[in-house]
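Enquirer:
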Amino acid sequence: MKKIKGRGILVMCLLIFGGYAVYDYLAQKKADEQKVADAKLFTMNVDQIDFIEIKKDDKVITLKRSVEGWNLEQPIKDQGDDSAAEDLIKMTTSEKVMDIAADGGNIDWKVYGLDQPQGSITYANTAGEKTTLHISSKGNFENFPFARRNDDNRVLVVNTNWTARLEKPMVEFRDRRFLRHKMGAIENFRLKNKHGVIEITSKEGKWISVSSPKVELDQQKVRETFHDISKAKGAEYVEGAMPSLKPLFTLDLKLGDKKWQAQVGQAATGKVFCSISDPKVQMQMEPGAVDNLIELKIEDLKVGATPKQDNKEQTGAQLAHEKDNK
47 MKKIKGRGIL VMCLLIFGGY AVYDYLAQKK ADEQKVADAK LFTMNVDQID
97 FIEIKKDDKV ITLKRSVEGW NLEQPIKDQG DDSAAEDLIK MTTSEKVMDI
147 AADGGNIDWK VYGLDQPQGS ITYANTAGEK TTLHISSKGN FENFPFARRN
197 DDNRVLVVNT NWTARLEKPM VEFRDRRFLR HKMGAIENFR LKNKHGVIEI
247 TSKEGKWISV SSPKVELDQQ KVRETFHDIS KAKGAEYVEG AMPSLKPLFT
297 LDLKLGDKKW QAQVGQAATG KVFCSISDPK VQMQMEPGAV DNLIELKIED
347 LKVGATPKQD NKEQTGAQLA HEKDNK
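In this note's numbering, the protein residues as written are 47 to 372.
Written out as structure tokens, the structure reads:
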């Protein structure tokens, strides 16, 4: 009888100790999960983010996503750069809180420069969630900036990348493609440069020369030429009068029922500029962006044509760009 009673007490003790162990485990697990959650700057669903706003001083950049991609809403209305917007989301929403400088209800925000932060970045999603990170011009002893998330009573220490993001100019989020239309929409290509006129057209799924239909063109080289055009981007937009330009080439494209034209020239500084018809804009081009069209000849598109040696046969525009950027 005593043995049975003793075993019962032992079992009861084991159950009690086991319960405490489980409780401690669950409590620790919850604390760890909370710590991980607190370390995240953003907890909203990244795939649902459809709004970004960057504020600094008097500058406001607003981006809104539609079914067709990102659009720039402020300070002007235009197509946005999808890759720039998506990169901003991907980089910022993956970052974590580096440290918590202060926590509680009696924070002197002025000490941390968060009474008047230098700027903020806001994200919102389709579910109605919104997160704003206010960035201070002040930082800790390692120069990492202080930040405040929404109206939280916490002073966060974040990566210096946040200060750099506030400095991003509007043009980085604007669509700067030389050709905003799809490469597959091109039906006719006409290029006039110093070597003459190249005009090719699509007939029964094959590209042919308009002036010499019997000349066999390398279809892959034609597609590569179009691909280079689709990748070409401007460095910045030009408002008002363009500088005096030496003409380099004129490109006319037929895109279904649309006509598109670009007039490209070179300034005395060596920089290349273009005027585009659709949309009607003027841009200074990125170095080397359209140099392949400056020297293009119909012979370059023929079957068996020798590939260009880009490193040895640079155009004047390329050399000028390189000199300008040294």
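Ideal Cβ positions, reconstructed from N, Cα and C, are used throughout, including at glycine.
Classify E341 as buried or exposed, calling it buried when 16 or more other Cβ atoms lie within 10 Å of its own Cβ.
Expert: Per the 10 Å Cβ criterion, buried.
Enquirer: Once the 5 residues before and after G115 are set aside, which same chain residues still bring their CB inside 8 Å of it?
Expert: Closer than 8 Å at Cβ, skipping near neighbours: Q125, G126 and D128.
Enquirer: Here's the rule I'm using: 16 or more other beta-carbon atoms within 10 Å means buried, otherwise exposed. How should T352 be labelled?
Expert: The residue is exposed, with fewer than 16 neighbouring Cβ atoms inside 10 Å.
Enquirer: Mapping the DSSP letters down to three states, classify R226 as helix, strand or coil.
Expert: The answer is coil: DSSP assigns R226 none of H, G, I, E or B.
Enquirer: Does the region 332 to 346 come within contact of the region 233 to 252, defined as at least 3 CB pairs closer than 8 Å?
Expert: Counting Cβ pairs under 8 Å, three or more are found: they touch.
Enquirer: Look up Q120 in the DSSP assignment and give the residues it is bridged to.
Expert: Answer is T108.
Enquirer: Output the boundary residues of the alpha helix (DSSP H) element that contains F272.
Expert: First-last of the alpha helix (DSSP H) with F272: Q265 to K277.
Enquirer: Please identify the residue among P325, D197, E218 and I95 whose C-alpha is closest to the C-alpha of G174.
Expert: Closest by alpha carbon: I95.
Enquirer: Taking the beta carbon of L72 as the centre, do at least 16 other beta carbons fall within 10 Å, making it buried, or is it exposed?
Expert: Because the pLDDT at L72 is just 44, under 50, the model does not fix this residue reliably, and the value given afterwards should be weighed accordingly. Exposed: under 16 other Cβ atoms inside 10 Å.
Enquirer: Closer than 8 Å is the cut-off here; do at least three beta carbon pairs connect the region 222 to 237 with the region 273 to 285?
Expert: The answer is yes - the region 273 to 285 touches the region 222 to 237, with three or more Cβ pairs under 8 Å.
Enquirer: Please report the Cβ distance between T172 and N196, rounded to the nearest whole angstrom; I am assuming they are in contact, meaning their Cβ atoms lie under 8 Å.
Expert: With a Cβ gap of about 19 Å, T172 and N196 do not count as contacting.
Enquirer: From I322 to A313, what distance separates their C-alpha atoms?
Expert: Their Cα atoms are separated by approximately 17 Å.
Enquirer: Do the region 226 to 234 and the region 269 to 279 make contact, defined as three or more Cβ pairs closer than 8 Å?
Expert: Enough Cβ pairs lie closer than 8 Å, so yes.
Enquirer: Compute the distance between the beta-carbons of E262 and K348, then report whether it is under 8 Å.
Expert: In contact: E262 and K348 (Cβ atoms closer than 8 Å).
Enquirer: Got a sec, what are the start and stop residues for the alpha helix (DSSP H) E132 sits in?
Expert: First-last of the alpha helix (DSSP H) with E132: D128 to T139.
Enquirer: Near T209, which residues of its chain fall below 7 Å by C-beta distance, leaving aside the five closest residues on each side in sequence?
Expert: The residues are I181 and P191.
Enquirer: Quick one: what's got a C-beta closer than 6 Å to Q309's C-beta in the same chain, skipping five residues either side?
Expert: The residues are T296 and S321.
Enquirer: Report all residues from its chain with a CB closer than 6 Å to the CB of A170; omit the five preceding and five following residues, and keep chain order.
Expert: F97 and K176, listed in sequence order.
Enquirer: Please list, in chain order, all residues of the same chain as N199 whose beta carbon is under 8 Å from its beta carbon, the five residues on each side excluded.
Expert: Result list for N199: D149, G150, G151 and I153, in chain order.
Enquirer: Within 10 Å of its beta-carbon, does E79 have 16 or more other beta-carbons around it, so buried, or fewer, so exposed?
Expert: With a pLDDT of only 39 at E79, under the threshold of 50, the placement of this residue in the model should not be trusted, and no figure is reported.
Enquirer: Tell me the residue span of the alpha helix (DSSP H) that contains D337.
Expert: Counting along the chain, the alpha helix (DSSP H) containing D337 begins and ends at D337 to I340.
Enquirer: If A130 sits next to E213, beta carbons under 8 Å apart, how far is it from one beta carbon to the other, in whole angstroms?
Expert: Contact doesn't hold; Cβ gap of about 14 Å is too wide.
Enquirer: If I'm right that T168 touches F88 with Cβ under 8 Å, what's the distance once you round it to whole angstroms?
Expert: The Cβ separation is near 11 Å, so there is no contact.
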